[in-house]
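Numbering (UniProt numbering), first residue to last: 1 to 283.
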């Protein structure tokens, strides 16, 4: 005999758990604490199995019947409802684990040891402010080029084109990481460069080749700070970054061999750097 909604709703707890059958293998299990669970008993390959359908009242009688009927269709097609449920649960878990935000954070953590703290923090801040709110919760394998274009154009509209370029490159690397780790098959950012504005850089003024002799004579005759004169010559001869030069200490220089070893802490790539300065650089 089939159940009705009132029977299910008024089922009281007893000293021992008991079942209320609805037919077709579906029953309501009433526990001693009053909790009620829908279960489906079925047979497959000669073995009896039990499928958990859900908790009442979260799952109503009508919904439990619909789930029973769906399980019967799976059985009729040669499938196992319990295995189908496990597969669906795993697919949902994979989908959650493989959102763009999850992959971006994983890629960021993998690459972080190669970056300076400032660069790593700035990049994650850009992800959190400009990318995650729009595509962060999307499964990485389902994101389309148009979604990334619309997201990046928000930065373009604000006029922060250089920032947009950097975060687009980071997104590109994230999708490439997702592909090689088996979480995606396509990179929706790979063709976006031509659809986004490009920052026009104003190049710094520079000396012409014909002006160098006069400049070098003026530098040699410079009567101001010796440190300034030597630092200028070092910049010209080595091409190091100013931050590496400004923090330099005399103990880093071997004047007899014409070598300068820039320590790891001041290098962008966090590796010590040996620079040839030439003998007599201080003269």
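For every residue, glycine included, the Cβ atom is placed at its ideal position computed from N, Cα and C.
Which residues does DSSP pair with residue i in a beta bridge?
i	result
residue 54	38
residue 262	273
residue 18	30
residue 47	44
residue 99	139
residue 253	260
residue 194	Per DSSP, none; premise fails for residue 194.
residue 23	26
Does the Cβ-Cβ distance between residue i and residue j come in under 8 Å?
i	j	result
residue 135	residue 148	yes
residue 155	residue 143	no
residue 68	residue 3	no
residue 266	residue 243	yes
residue 101	residue 47	no
residue 235	residue 245	yes
residue 140	residue 87	no
residue 38	residue 23	no
residue 188	residue 145	yes
Nearest to residue i by CA position, among the options, is which residue?
i	options	result
residue 29	46, 44, 45 and 51	51
residue 57	129, 8 and 206	8
residue 278	272, 262, 267 and 257	257
residue 237	275, 214, 107 and 89	275
residue 181	113, 259, 107 and 74	107
residue 64	219, 139 and 5	5
residue 202	273, 79, 162 and 132	162
residue 130	22, 141 and 104	104
residue 174	208, 110 and 54	110
residue 190	75, 176 and 153	176
residue 99	187, 183 and 221	183
residue 164	126, 74 and 240	126
residue 33	13, 254, 45 and 74	13
residue 157	198, 118 and 117	198
Can you give the beta carbon distance from residue i to residue j, rounded, assuming they're within the 8 Å contact cut?
i	j	result
residue 40	residue 71	6 Å
residue 170	residue 123	6 Å
residue 11	residue 43	Actually they are not in contact, since the Cβ atoms of residue 11 and residue 43 sit about 26 Å apart, beyond 8 Å.
residue 252	residue 260	6 Å
residue 192	residue 255	Residue 192 to residue 255, Cβ: 51 Å. No contact.
If you measure from the beta carbon of residue i to each beta carbon in chain C, is any gap under 8 Å?
i	result
residue 224	In the structure shown, chain C does not exist; there is a single protein chain.
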